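To start, the structure itself, in C-alpha coordinates.
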Amino acid sequence: MSVSIDDILDPSFEGNGPGLEDQLDELEEAGLGSKVPVTLIECTSREDDDFEIAEIEGCDRAIEVTEAQQDAGIVSCDCGRQIDLSKKRPKTQFRFKTDFDEVRNYIQSESKKIESIFSAQKKSLTYLGYRFNGQVLRIKRQGFRDREPIQDTVDVHLCTTRLPEPVVKTIKLYRRQAFFVLVGNGVGNRNYMEQLNLPFIEFGELYQMESDAQIEKLQDLIESACHIGELTDLDTRARIAAQLYENHREEVGDIDRINEDVFEYIVNTLFNYCFRTSQLFGTTESGLEFPDGTLCLQVDGTGRLYLWDAKYSIPEKEPYDLSASDQRNMTKYPRLIRENSEMIEEDFPIDSFAGFIFISPRMDASDLEGFASKLAEQYSDASYMNGAPIIQIRADALIELYRAVRDNKSEAKKIQQTLRLEFNRLLQQDTDHISETEFREYHEEKHDDMEPENWPSLGSTEITLFDVTVDDVERLFEDALAKKSPPQVGLDSESLRETMRRLDK
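Under the UniProt record's numbering, residues 1 to 505 are what the sequence shown spells out, in order.
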(Lines of atoms letter the chains of each structure in order from A and count residues from 1; the text may use other names and numbers.)
(Lines give C-alpha, C1' and ligand atoms only; values in the text may rest on other atoms or scores of the structure.)
Protein backbone atom coordinates (compact mmCIF):
# COMPACT_ATOMS: atom_id res chain seq x y z
CA MET A 1 0.00 0.00 0.00
CA SER A 2 1.54 3.30 -1.09
CA VAL A 3 1.87 6.28 1.25
CA SER A 4 0.85 9.75 0.05
CA ILE A 5 3.72 12.00 -1.04
CA ASP A 6 2.60 14.74 1.33
CA ASP A 7 2.71 12.32 4.29
CA ILE A 8 6.24 11.25 3.33
CA LEU A 9 7.43 14.87 3.11
CA ASP A 10 6.07 15.59 6.60
CA PRO A 11 9.18 15.87 8.88
CA SER A 12 7.48 13.73 11.56
CA PHE A 13 6.90 10.81 9.18
CA GLU A 14 8.56 7.43 9.85
CA GLY A 15 7.87 4.10 8.19
CA ASN A 16 9.28 0.98 6.55
CA GLY A 17 8.37 -1.74 4.13
CA PRO A 18 9.32 -2.59 0.51
CA GLY A 19 6.66 -0.38 -1.08
CA LEU A 20 7.64 2.62 1.00
CA GLU A 21 11.34 2.18 0.30
CA ASP A 22 10.59 2.17 -3.42
CA GLN A 23 8.70 5.46 -3.05
CA LEU A 24 11.54 7.01 -1.06
CA ASP A 25 14.07 5.85 -3.66
CA GLU A 26 11.98 7.43 -6.42
CA LEU A 27 11.77 10.78 -4.59
CA GLU A 28 15.50 10.64 -3.90
CA GLU A 29 16.27 9.93 -7.56
CA ALA A 30 14.09 12.92 -8.51
CA GLY A 31 16.38 15.08 -6.37
CA LEU A 32 13.68 16.12 -3.89
CA GLY A 33 15.62 14.98 -0.83
CA SER A 34 17.27 11.95 0.73
CA LYS A 35 16.15 8.72 2.39
CA VAL A 36 17.39 8.51 5.99
CA PRO A 37 17.42 5.19 7.91
CA VAL A 38 16.65 5.49 11.63
CA THR A 39 17.39 2.84 14.29
CA LEU A 40 14.72 2.65 17.01
CA ILE A 41 14.28 0.63 20.18
CA GLU A 42 11.46 0.54 22.73
CA CYS A 43 12.27 1.09 26.38
CA THR A 44 9.84 -1.74 27.21
CA SER A 45 9.03 -4.51 24.74
CA ARG A 46 7.96 -8.13 25.23
CA GLU A 47 10.26 -9.09 22.36
CA ASP A 48 13.41 -7.89 24.17
CA ASP A 49 15.61 -9.87 26.54
CA ASP A 50 15.32 -7.22 29.28
CA PHE A 51 11.52 -7.24 29.39
CA GLU A 52 11.22 -8.47 33.00
CA ILE A 53 13.34 -5.59 34.33
CA ALA A 54 11.94 -3.05 31.88
CA GLU A 55 8.36 -3.89 32.85
CA ILE A 56 9.17 -2.76 36.40
CA GLU A 57 11.59 0.13 35.77
CA GLY A 58 10.87 1.24 32.22
CA CYS A 59 8.33 3.15 30.18
CA ASP A 60 6.66 2.93 26.78
CA ARG A 61 8.92 5.43 25.00
CA ALA A 62 10.49 4.73 21.61
CA ILE A 63 14.14 5.79 21.49
CA GLU A 64 16.21 6.75 18.45
CA VAL A 65 19.70 5.25 18.70
CA THR A 66 22.62 7.11 17.16
CA GLU A 67 25.73 5.45 15.70
CA ALA A 68 27.79 6.64 18.68
CA GLN A 69 25.32 5.04 21.10
CA GLN A 70 25.40 1.82 19.11
CA ASP A 71 29.19 1.77 19.39
CA ALA A 72 28.98 2.41 23.15
CA GLY A 73 26.32 -0.29 23.55
CA ILE A 74 24.29 1.73 26.08
CA VAL A 75 21.57 4.36 25.75
CA SER A 76 19.73 6.38 28.40
CA CYS A 77 15.95 6.69 28.35
CA ASP A 78 14.17 9.84 29.51
CA CYS A 79 12.62 7.77 32.29
CA GLY A 80 16.14 7.41 33.77
CA ARG A 81 16.78 3.79 32.85
CA GLN A 82 20.15 2.78 31.41
CA ILE A 83 19.49 0.34 28.55
CA ASP A 84 21.89 -2.37 27.43
CA LEU A 85 21.55 -2.46 23.63
CA SER A 86 22.76 -6.07 23.47
CA LYS A 87 19.45 -7.07 25.05
CA LYS A 88 17.37 -5.11 22.52
CA ARG A 89 15.97 -5.96 19.11
CA PRO A 90 16.29 -2.70 17.14
CA LYS A 91 13.98 -1.82 14.28
CA THR A 92 14.86 0.23 11.23
CA GLN A 93 12.49 2.94 10.07
CA PHE A 94 12.91 5.46 7.27
CA ARG A 95 12.42 9.18 7.11
CA PHE A 96 12.71 11.51 4.15
CA LYS A 97 14.77 14.67 4.50
CA THR A 98 13.12 17.06 2.04
CA ASP A 99 15.24 19.51 0.05
CA PHE A 100 12.80 22.41 -0.21
CA ASP A 101 15.05 24.29 -2.63
CA GLU A 102 14.73 21.36 -5.01
CA VAL A 103 10.95 21.30 -4.52
CA ARG A 104 10.89 24.96 -5.56
CA ASN A 105 13.19 24.17 -8.51
CA TYR A 106 10.82 21.38 -9.56
CA ILE A 107 7.87 23.80 -9.60
CA GLN A 108 10.01 26.33 -11.46
CA SER A 109 10.93 23.74 -14.10
CA GLU A 110 7.33 22.63 -14.59
CA SER A 111 6.08 26.22 -14.76
CA LYS A 112 8.47 27.06 -17.57
CA LYS A 113 6.77 24.41 -19.71
CA ILE A 114 3.76 26.72 -19.94
CA GLU A 115 4.01 28.55 -23.25
CA SER A 116 3.02 32.03 -22.00
CA ILE A 117 5.59 32.10 -19.16
CA PHE A 118 8.88 33.86 -19.93
CA SER A 119 10.37 34.18 -16.43
CA ALA A 120 10.30 32.26 -13.13
CA GLN A 121 12.73 33.48 -10.47
CA LYS A 122 13.01 32.91 -6.74
CA LYS A 123 12.16 35.74 -4.34
CA SER A 124 11.84 36.38 -0.62
CA LEU A 125 8.76 38.05 0.90
CA THR A 126 7.89 38.96 4.50
CA TYR A 127 4.49 39.21 6.20
CA LEU A 128 4.22 40.37 9.85
CA GLY A 129 7.82 39.31 10.43
CA TYR A 130 7.41 35.86 8.86
CA ARG A 131 9.84 35.55 5.97
CA PHE A 132 9.43 33.28 2.96
CA ASN A 133 13.21 33.14 2.56
CA GLY A 134 13.84 32.27 -1.07
CA GLN A 135 10.67 30.17 -1.09
CA VAL A 136 8.67 32.41 -3.41
CA LEU A 137 8.74 31.85 -7.15
CA ARG A 138 7.88 34.96 -9.15
CA ILE A 139 6.31 33.91 -12.45
CA LYS A 140 5.88 36.36 -15.31
CA ARG A 141 3.73 35.60 -18.31
CA GLN A 142 2.51 37.31 -21.43
CA GLY A 143 -0.93 36.97 -22.91
CA PHE A 144 -4.06 38.76 -24.06
CA ARG A 145 -7.15 39.99 -22.23
CA ASP A 146 -10.03 41.46 -24.22
CA ARG A 147 -7.70 41.31 -27.24
CA GLU A 148 -5.22 43.60 -25.48
CA PRO A 149 -1.67 42.38 -24.73
CA ILE A 150 -1.05 41.95 -21.00
CA GLN A 151 1.79 40.94 -18.73
CA ASP A 152 0.96 39.28 -15.41
CA THR A 153 3.15 38.59 -12.40
CA VAL A 154 2.19 35.79 -10.01
CA ASP A 155 4.01 34.88 -6.78
CA VAL A 156 4.05 31.17 -5.98
CA HIS A 157 4.56 30.76 -2.21
CA LEU A 158 6.11 27.46 -1.09
CA CYS A 159 4.63 26.82 2.37
CA THR A 160 6.88 24.39 4.25
CA THR A 161 5.66 25.09 7.80
CA ARG A 162 2.38 25.79 9.57
CA LEU A 163 1.84 29.54 9.25
CA PRO A 164 0.41 31.60 12.12
CA GLU A 165 -3.17 32.62 11.30
CA PRO A 166 -2.39 36.39 11.29
CA VAL A 167 0.29 35.81 8.64
CA VAL A 168 -2.18 34.02 6.35
CA LYS A 169 -4.70 36.82 6.93
CA THR A 170 -2.09 39.44 6.05
CA ILE A 171 -1.35 37.61 2.79
CA LYS A 172 -5.08 37.76 2.04
CA LEU A 173 -5.22 41.45 2.93
CA TYR A 174 -2.42 42.23 0.45
CA ARG A 175 -4.56 40.74 -2.37
CA ARG A 176 -1.27 39.79 -4.01
CA GLN A 177 -1.60 37.85 -7.27
CA ALA A 178 -0.40 34.60 -5.75
CA PHE A 179 -1.06 30.94 -5.14
CA PHE A 180 0.39 28.51 -2.64
CA VAL A 181 2.08 25.12 -2.82
CA LEU A 182 1.78 23.28 0.51
CA VAL A 183 4.54 20.81 1.33
CA GLY A 184 5.57 19.00 4.53
CA ASN A 185 4.20 20.75 7.60
CA GLY A 186 2.80 23.38 5.24
CA VAL A 187 -0.13 21.05 4.48
CA GLY A 188 -1.46 22.16 7.87
CA ASN A 189 -2.38 25.50 6.25
CA ARG A 190 -5.04 23.88 4.10
CA ASN A 191 -8.01 24.91 6.28
CA TYR A 192 -6.86 28.55 6.46
CA MET A 193 -6.42 28.64 2.69
CA GLU A 194 -9.87 27.18 2.06
CA GLN A 195 -11.57 29.54 4.54
CA LEU A 196 -9.94 32.60 2.98
CA ASN A 197 -10.48 31.45 -0.61
CA LEU A 198 -6.75 31.50 -1.42
CA PRO A 199 -5.70 29.35 -4.42
CA PHE A 200 -3.43 26.47 -3.37
CA ILE A 201 -2.36 22.90 -4.12
CA GLU A 202 -0.56 20.26 -2.08
CA PHE A 203 2.78 19.41 -3.64
CA GLY A 204 2.15 15.68 -3.54
CA GLU A 205 -1.01 16.10 -5.61
CA LEU A 206 0.87 18.15 -8.21
CA TYR A 207 3.86 15.79 -8.29
CA GLN A 208 1.75 12.69 -8.94
CA MET A 209 -0.04 14.22 -11.94
CA GLU A 210 0.86 13.40 -15.51
CA SER A 211 2.87 16.12 -17.26
CA ASP A 212 -0.07 17.51 -19.27
CA ALA A 213 -2.29 17.55 -16.19
CA GLN A 214 0.45 19.35 -14.23
CA ILE A 215 0.69 22.09 -16.82
CA GLU A 216 -3.09 22.47 -16.94
CA LYS A 217 -3.32 22.66 -13.14
CA LEU A 218 -0.55 25.26 -12.92
CA GLN A 219 -2.29 27.30 -15.61
CA ASP A 220 -5.54 27.15 -13.61
CA LEU A 221 -3.76 28.30 -10.45
CA ILE A 222 -2.03 31.15 -12.27
CA GLU A 223 -5.34 32.21 -13.81
CA SER A 224 -7.05 32.14 -10.40
CA ALA A 225 -4.24 34.26 -8.94
CA CYS A 226 -4.48 36.80 -11.77
CA HIS A 227 -8.15 37.41 -11.00
CA ILE A 228 -7.40 38.51 -7.42
CA GLY A 229 -8.29 42.18 -7.81
CA GLU A 230 -8.91 45.27 -5.71
CA LEU A 231 -12.53 44.39 -4.93
CA THR A 232 -12.12 40.58 -4.76
CA ASP A 233 -13.42 39.11 -1.47
CA LEU A 234 -13.75 42.64 -0.12
CA ASP A 235 -15.99 41.61 2.80
CA THR A 236 -13.37 39.11 3.99
CA ARG A 237 -10.43 41.47 3.52
CA ALA A 238 -12.19 44.33 5.30
CA ARG A 239 -12.92 42.06 8.27
CA ILE A 240 -9.25 41.02 8.31
CA ALA A 241 -8.13 44.67 8.09
CA ALA A 242 -10.17 45.64 11.16
CA GLN A 243 -9.02 42.55 13.09
CA LEU A 244 -5.34 43.14 12.33
CA TYR A 245 -5.56 46.77 13.40
CA GLU A 246 -7.32 45.96 16.66
CA ASN A 247 -5.47 42.75 17.61
CA HIS A 248 -1.87 43.21 16.47
CA ARG A 249 -0.72 46.58 17.72
CA GLU A 250 1.94 44.76 19.73
CA GLU A 251 4.26 41.86 18.97
CA VAL A 252 2.74 38.50 19.93
CA GLY A 253 5.21 35.61 20.08
CA ASP A 254 6.91 35.37 16.70
CA ILE A 255 4.35 37.68 15.09
CA ASP A 256 5.39 41.30 14.60
CA ARG A 257 2.95 44.10 15.27
CA ILE A 258 1.47 45.72 12.21
CA ASN A 259 3.74 48.28 10.57
CA GLU A 260 3.21 51.12 8.11
CA ASP A 261 3.23 48.76 5.13
CA VAL A 262 0.42 46.62 6.59
CA PHE A 263 -1.40 49.74 7.80
CA GLU A 264 -1.47 51.13 4.23
CA TYR A 265 -3.33 48.01 3.08
CA ILE A 266 -5.67 48.22 6.07
CA VAL A 267 -6.59 51.80 5.18
CA ASN A 268 -6.97 51.11 1.46
CA THR A 269 -9.16 48.06 2.12
CA LEU A 270 -11.47 49.89 4.54
CA PHE A 271 -11.79 52.89 2.20
CA ASN A 272 -12.74 50.51 -0.60
CA TYR A 273 -15.22 48.64 1.56
CA CYS A 274 -17.01 51.91 2.29
CA PHE A 275 -16.63 53.78 -1.02
CA ARG A 276 -15.17 51.40 -3.68
CA THR A 277 -12.96 54.21 -5.06
CA SER A 278 -9.60 54.00 -3.24
CA GLN A 279 -6.38 52.91 -4.85
CA LEU A 280 -2.85 52.38 -3.59
CA PHE A 281 -0.02 53.82 -5.64
CA GLY A 282 2.07 51.05 -7.17
CA THR A 283 5.20 51.76 -5.16
CA THR A 284 7.01 50.30 -2.20
CA GLU A 285 8.51 53.66 -1.24
CA SER A 286 7.38 55.09 2.07
CA GLY A 287 7.84 58.39 3.82
CA LEU A 288 6.25 61.79 3.84
CA GLU A 289 7.44 62.72 0.36
CA PHE A 290 5.43 59.95 -1.28
CA PRO A 291 1.69 59.65 -0.53
CA ASP A 292 0.26 56.14 -0.34
CA GLY A 293 -2.85 56.40 -2.47
CA THR A 294 -5.91 58.24 -3.69
CA LEU A 295 -9.57 58.39 -2.73
CA CYS A 296 -12.14 59.64 -5.23
CA LEU A 297 -15.51 60.88 -3.94
CA GLN A 298 -18.20 61.70 -6.50
CA VAL A 299 -20.08 64.92 -5.88
CA ASP A 300 -22.69 66.17 -8.38
CA GLY A 301 -21.28 63.94 -11.06
CA THR A 302 -17.67 65.04 -10.62
CA GLY A 303 -14.81 63.22 -8.96
CA ARG A 304 -13.10 64.89 -5.99
CA LEU A 305 -9.56 63.54 -5.68
CA TYR A 306 -7.87 63.22 -2.29
CA LEU A 307 -4.29 62.10 -1.79
CA TRP A 308 -3.99 60.00 1.35
CA ASP A 309 -1.06 58.86 3.47
CA ALA A 310 -1.27 56.21 6.20
CA LYS A 311 1.00 56.83 9.20
CA TYR A 312 1.07 54.13 11.87
CA SER A 313 1.99 54.37 15.53
CA ILE A 314 0.95 52.46 18.63
CA PRO A 315 -1.86 54.72 19.85
CA GLU A 316 -1.61 53.68 23.49
CA LYS A 317 2.07 54.70 23.60
CA GLU A 318 2.75 57.72 21.43
CA PRO A 319 1.43 59.72 18.48
CA TYR A 320 2.99 59.37 15.06
CA ASP A 321 6.09 61.59 14.90
CA LEU A 322 5.77 63.55 11.68
CA SER A 323 8.48 66.04 12.61
CA ALA A 324 11.44 63.94 11.40
CA SER A 325 9.85 63.34 8.01
CA ASP A 326 8.81 67.00 7.89
CA GLN A 327 12.41 67.94 7.02
CA ARG A 328 12.25 66.00 3.77
CA ASN A 329 11.74 67.52 0.36
CA MET A 330 8.25 66.43 -0.59
CA THR A 331 9.16 66.06 -4.26
CA LYS A 332 6.47 63.55 -5.17
CA TYR A 333 3.54 65.67 -3.98
CA PRO A 334 4.02 68.55 -6.44
CA ARG A 335 4.98 66.16 -9.22
CA LEU A 336 1.89 63.99 -8.75
CA ILE A 337 -0.44 66.96 -8.73
CA ARG A 338 1.23 69.62 -10.88
CA GLU A 339 2.13 67.29 -13.74
CA ASN A 340 -1.42 65.95 -13.80
CA SER A 341 -3.38 69.11 -13.08
CA GLU A 342 -4.48 69.54 -16.70
CA MET A 343 -5.46 65.89 -16.90
CA ILE A 344 -7.42 66.18 -13.65
CA GLU A 345 -9.42 69.04 -15.16
CA GLU A 346 -10.30 66.99 -18.24
CA ASP A 347 -13.50 64.99 -18.59
CA PHE A 348 -12.43 62.13 -16.30
CA PRO A 349 -14.19 60.70 -13.24
CA ILE A 350 -11.45 62.50 -11.30
CA ASP A 351 -11.51 66.17 -12.27
CA SER A 352 -10.56 68.24 -9.22
CA PHE A 353 -8.07 68.03 -6.38
CA ALA A 354 -9.80 68.11 -3.01
CA GLY A 355 -7.09 67.81 -0.36
CA PHE A 356 -4.68 65.69 1.67
CA ILE A 357 -5.74 63.01 4.14
CA PHE A 358 -3.55 61.58 6.89
CA ILE A 359 -4.86 58.41 8.52
CA SER A 360 -3.22 57.60 11.82
CA PRO A 361 -4.11 56.30 15.29
CA ARG A 362 -2.91 59.66 16.62
CA MET A 363 -0.82 62.59 15.39
CA ASP A 364 0.16 65.81 17.15
CA ALA A 365 -1.62 68.90 15.88
CA SER A 366 1.71 70.75 15.85
CA ASP A 367 3.10 68.22 13.41
CA LEU A 368 0.14 68.69 11.09
CA GLU A 369 0.51 72.48 11.31
CA GLY A 370 4.17 72.15 10.35
CA PHE A 371 3.26 69.97 7.40
CA ALA A 372 0.57 72.44 6.33
CA SER A 373 3.03 75.32 6.42
CA LYS A 374 5.51 73.37 4.35
CA LEU A 375 2.81 72.68 1.78
CA ALA A 376 2.07 76.39 1.69
CA GLU A 377 5.74 77.06 0.94
CA GLN A 378 5.80 74.69 -2.01
CA TYR A 379 2.32 75.34 -3.42
CA SER A 380 1.84 79.09 -2.98
CA ASP A 381 1.51 79.49 -6.75
CA ALA A 382 -0.67 76.42 -7.30
CA SER A 383 -4.25 77.53 -7.88
CA TYR A 384 -5.59 74.00 -7.54
CA MET A 385 -4.27 73.94 -3.94
CA ASN A 386 -6.31 76.97 -2.85
CA GLY A 387 -8.54 75.98 0.02
CA ALA A 388 -7.42 72.34 -0.10
CA PRO A 389 -7.75 70.95 3.42
CA ILE A 390 -5.30 68.80 5.34
CA ILE A 391 -7.32 66.25 7.25
CA GLN A 392 -6.39 63.78 9.94
CA ILE A 393 -8.76 60.82 10.03
CA ARG A 394 -8.32 58.94 13.27
CA ALA A 395 -7.83 55.23 12.60
CA ASP A 396 -10.56 54.44 15.13
CA ALA A 397 -12.91 56.68 13.13
CA LEU A 398 -12.16 54.73 9.95
CA ILE A 399 -12.83 51.48 11.83
CA GLU A 400 -16.12 52.97 13.06
CA LEU A 401 -17.09 53.92 9.50
CA TYR A 402 -16.36 50.36 8.36
CA ARG A 403 -18.54 48.95 11.15
CA ALA A 404 -21.39 51.32 10.34
CA VAL A 405 -21.36 50.28 6.68
CA ARG A 406 -20.97 46.59 7.58
CA ASP A 407 -23.79 46.61 10.13
CA ASN A 408 -26.10 48.46 7.73
CA LYS A 409 -24.85 46.78 4.58
CA SER A 410 -28.10 46.66 2.64
CA GLU A 411 -28.93 50.29 3.47
CA ALA A 412 -25.35 51.43 2.80
CA LYS A 413 -25.46 49.84 -0.64
CA LYS A 414 -28.62 51.78 -1.49
CA ILE A 415 -27.16 55.09 -0.35
CA GLN A 416 -23.55 54.63 -1.46
CA GLN A 417 -23.56 57.84 -3.50
CA THR A 418 -25.08 59.76 -0.57
CA LEU A 419 -22.45 58.27 1.71
CA ARG A 420 -19.67 59.52 -0.58
CA LEU A 421 -21.28 62.95 -0.71
CA GLU A 422 -21.65 63.15 3.07
CA PHE A 423 -18.07 61.99 3.61
CA ASN A 424 -16.81 64.61 1.17
CA ARG A 425 -18.85 67.24 3.02
CA LEU A 426 -17.28 66.12 6.28
CA LEU A 427 -13.78 66.38 4.80
CA GLN A 428 -14.53 69.89 3.51
CA GLN A 429 -16.01 71.25 6.73
CA ASP A 430 -14.96 74.75 7.75
CA THR A 431 -12.69 74.56 10.81
CA ASP A 432 -9.50 76.22 11.99
CA HIS A 433 -7.40 77.85 9.29
CA ILE A 434 -3.67 78.47 9.41
CA SER A 435 -3.33 82.21 9.73
CA GLU A 436 -0.41 84.39 8.67
CA THR A 437 0.40 84.86 12.37
CA GLU A 438 0.69 81.10 12.96
CA PHE A 439 2.70 80.82 9.78
CA ARG A 440 5.18 83.45 11.05
CA GLU A 441 5.42 81.74 14.46
CA TYR A 442 6.21 78.45 12.74
CA HIS A 443 9.02 80.01 10.69
CA GLU A 444 10.42 82.00 13.60
CA GLU A 445 11.18 78.65 15.21
CA LYS A 446 12.08 76.73 12.05
CA HIS A 447 14.16 79.42 10.26
CA ASP A 448 15.67 81.39 13.13
CA ASP A 449 18.84 81.85 11.04
CA MET A 450 16.94 83.53 8.17
CA GLU A 451 15.71 87.09 7.80
CA PRO A 452 11.88 87.33 7.81
CA GLU A 453 11.82 88.90 4.35
CA ASN A 454 13.41 85.70 3.02
CA TRP A 455 10.79 83.38 4.46
CA PRO A 456 8.59 81.64 1.90
CA SER A 457 5.26 83.44 1.70
CA LEU A 458 1.98 81.82 2.60
CA GLY A 459 0.72 83.36 -0.63
CA SER A 460 -2.89 82.86 -1.63
CA THR A 461 -3.06 79.28 -0.42
CA GLU A 462 -5.46 78.85 2.48
CA ILE A 463 -5.17 75.47 4.16
CA THR A 464 -7.80 73.94 6.42
CA LEU A 465 -6.64 71.66 9.20
CA PHE A 466 -8.86 69.38 11.28
CA ASP A 467 -9.53 65.94 12.72
CA VAL A 468 -12.19 63.41 11.77
CA THR A 469 -13.19 61.52 14.92
CA VAL A 470 -15.45 58.61 15.81
CA ASP A 471 -18.22 61.07 16.76
CA ASP A 472 -17.95 62.71 13.32
CA VAL A 473 -18.36 59.35 11.61
CA GLU A 474 -21.37 58.40 13.72
CA ARG A 475 -23.10 61.64 12.77
CA LEU A 476 -22.08 61.22 9.12
CA PHE A 477 -23.72 57.83 8.79
CA GLU A 478 -26.86 58.98 10.56
CA ASP A 479 -27.08 61.99 8.22
CA ALA A 480 -26.55 59.79 5.15
CA LEU A 481 -29.29 57.38 6.22
CA ALA A 482 -31.67 60.26 6.86
CA LYS A 483 -31.25 61.71 3.38
CA LYS A 484 -32.71 60.49 0.13
CA SER A 485 -30.01 59.15 -2.13
CA PRO A 486 -29.47 61.29 -5.24
CA PRO A 487 -29.41 59.65 -8.66
CA GLN A 488 -26.44 57.34 -9.05
CA VAL A 489 -23.74 58.62 -11.37
CA GLY A 490 -21.99 55.77 -13.11
CA LEU A 491 -18.22 55.58 -12.79
CA ASP A 492 -16.30 55.13 -16.01
CA SER A 493 -14.14 52.36 -14.54
CA GLU A 494 -11.71 52.22 -17.46
CA SER A 495 -11.10 55.98 -17.35
CA LEU A 496 -10.65 55.74 -13.59
CA ARG A 497 -8.04 53.00 -13.98
CA GLU A 498 -6.25 54.99 -16.70
CA THR A 499 -6.23 58.07 -14.49
CA MET A 500 -4.78 56.08 -11.62
CA ARG A 501 -2.08 54.60 -13.85
CA ARG A 502 -1.08 58.06 -15.03
CA LEU A 503 -1.05 59.42 -11.49
CA ASP A 504 1.12 56.49 -10.47
CA LYS A 505 3.84 57.15 -13.07
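We treat Cβ as the ideally placed atom computed from N, Cα and C, and that holds for glycine. These numbers come from a predicted model, not from an experiment.
Item to check | Nonlocal neighbours in the same chain, by C-beta distance under 8 Å from residue 470, ignoring five residues either side | outcome: Here the set comprises 394, 396, 397, 400.
Item to check | Of the residues 184, 168, 41, 419, the one placed nearest residue 199, counting alpha carbons only | outcome: In terms of Cα proximity to residue 199, the closest of 184, 168, 41, 419 is 168.
Next on the checklist: Quick check: the Cα distance between residue 122 and residue 46, rounded to an integer number of angstroms?
Outcome noted: Each residue's Cα considered, the two are about 52 Å apart.
Next on the checklist: Extract the residue ranges of the beta strand (DSSP E) inside the segment 199-254, only unbroken runs of 3 or more that lie entirely within it.
Outcome noted: The segment 199-254 contains, as complete beta strand (DSSP E) runs of 3+ residues, the segments 200-202 (chain order).
Checklist entry - In whole angstroms, what is the alpha-carbon distance linking residue 312 and residue 357? => result Roughly 14 Å separates the two Cα atoms.
Item to check | Simplified DSSP assignment, three categories, for residue 262 | outcome: Here residue 262 sits in helix by DSSP.
Checklist entry - Looking at the unbroken beta strand (DSSP E) that takes in residue 33, where does it start and where does it end? => result 33-42 is the extent of the beta strand (DSSP E) around residue 33.
Next on the checklist: With three or more beta-carbon pairs closer than 8 Å as the criterion, would you say the segment 225-238 touches the segment 21-32?
Outcome noted: The segment 225-238 is not in contact with the segment 21-32.
Checklist entry - Which whole-angstrom value is the C-beta distance of residue 292 and residue 280, which I expect to be below 8 Å? => result Right, the Cβ-Cβ distance comes to about 6 Å (below 8 Å), so this counts as a contact.
Item to check | Collapsed DSSP secondary structure at residue 310 in the structure displayed | outcome: Residue 310 falls in the strand class under three-state DSSP.
Checklist entry - If you draw a straight line from the alpha carbon of residue 284 to that of residue 244, how long is it in whole angstroms? => result Because the pLDDT of residue 284 is 40, which lies under 50, any placement of that residue in the model is unreliable, and the question is left without a value.
Checklist entry - Taking Cβ positions, are residue 158 and residue 187 nearer each other than 8 Å? => result Their beta carbons are not under 8 Å apart, which means residue 158 does not touch residue 187 by this criterion.
Item to check | Secondary structure of residue 369, DSSP reduced to three states | outcome: Here residue 369 carries a helix assignment [DSSP, helix/strand/coil].
Checklist entry - If we ignore side chains and look at the alpha-carbon of each, how far apart do residue 360 and residue 142 end up? => result Their Cα atoms are separated by approximately 39 Å.
Item to check | Inter-residue Cα distance where the pair is residue 214 and residue 184 | outcome: Residue 214 and residue 184: Cα-Cα distance of roughly 19 Å.
Checklist entry - Just checking my contact of residue 250 with residue 239 at CB under 8 Å: how many whole Å lie between their CB atoms? => result Going by Cβ atoms, the distance from residue 250 to residue 239 rounds to 21 Å, so no, they are not a contact pair.
Checklist entry - To the nearest whole angstrom, what separates the beta carbons of residue 419 and residue 480, a pair I think is in contact under 8 Å? => result Residue 419 to residue 480, Cβ: 5 Å. Contact.
Item to check | For residue 149, the first and last residue of its enclosing beta strand (DSSP E) | outcome: Going by DSSP, residue 149 is part of the beta strand (DSSP E) stretching over 148-159.
Checklist entry - So residue 394 is in the beta strand (DSSP E); what residue range does that whole segment cover? => result Membership of residue 394 in the beta strand (DSSP E) is indicated by the continuous run 390-394.
Item to check | Beta-bridge partners of residue 468, as assigned by DSSP | outcome: Assignment of beta-bridge partners to residue 468 by DSSP yields 393.
Checklist entry - Rounded C-beta distance between residue 100 and residue 35? I'm assuming under 8 Å. => result With 8 Å as the limit, residue 100 and residue 35 do not qualify as a contact, their Cβ atoms being about 16 Å apart.
Item to check | Cβ-Cβ distance between residue 587 and residue 107 below 8 Å | outcome: No answer is possible for residue 587: the residues shown for the chain start at 1 and end at 505.
Checklist entry - Under 8 Å between the Cβ atoms of residue 63 and residue 74? => result No; because the gap between Cβ atoms is not below 8 Å, this pair is not in contact.
Checklist entry - If residue 218 sits next to residue 110, beta carbons under 8 Å apart, how far is it from one beta carbon to the other, in whole angstroms? => result Confirmed, Cβ separation roughly 6 Å.
Next on the checklist: Quick check on residue 63: does DSSP put it in helix, strand or coil?
Outcome noted: Residue 63: strand per DSSP, three-state reduction.
Checklist entry - What first and last residue would you give for the alpha helix (DSSP H) that runs through residue 169? => result In the DSSP assignment, residue 169 falls within the alpha helix (DSSP H) that extends over 165-173.
Next on the checklist: With H, G and I counted as helix, E and B as strand and the rest as coil, what does DSSP make of residue 296?
Outcome noted: Residue 296: strand per DSSP, three-state reduction.
Checklist entry - To which residues of the same chain is residue 467 closer than 6 Å at the C-beta, ignoring the five residues directly before and after it? => result Non-local beta-carbon contacts of residue 467 in its own chain, meaning distances under 6 Å to residues more than five positions away in sequence, involve 392 in chain order.
Item to check | Length of the line joining the Cα atoms of residue 196 and residue 52 | outcome: The C-alpha of residue 52 is placed about 55 Å away from the C-alpha of residue 196.
Item to check | Pair within 8 Å by beta-carbon distance, residue 173 and residue 237 | outcome: Taking the C-beta atoms as reference points, residue 237 is found nearer than 8 Å to residue 173.
Next on the checklist: Quick check on the burial criterion: 16 or more other C-beta atoms within 10 angstroms. Buried or exposed for residue 176?
Outcome noted: Its Cβ being crowded by 16 or more others within 10 Å, residue 176 is buried.
Next on the checklist: One question on the structure: do residue 9 and residue 204 come within less than 8 Å of each other, judged by their Cβ atoms?
Outcome noted: It is a contact, given that the beta carbons lie within the stated cut-off.
Checklist entry - For residue 355, which residues does DSSP report across the bridge? => result 306.
Next on the checklist: With H, G and I counted as helix, E and B as strand and the rest as coil, what does DSSP make of residue 184?
Outcome noted: Residue state, collapsed to three classes: helix.
Checklist entry - If you draw a straight line from the alpha carbon of residue 266 to that of residue 118, how long is it in whole angstroms? => result Going by the C-alpha atoms only, they are around 33 Å apart.
Item to check | Contact check, residue 32 vs residue 98, beta carbons under 8 Å | outcome: Yes, the pair counts as a contact, with Cβ atoms nearer than the cut-off.
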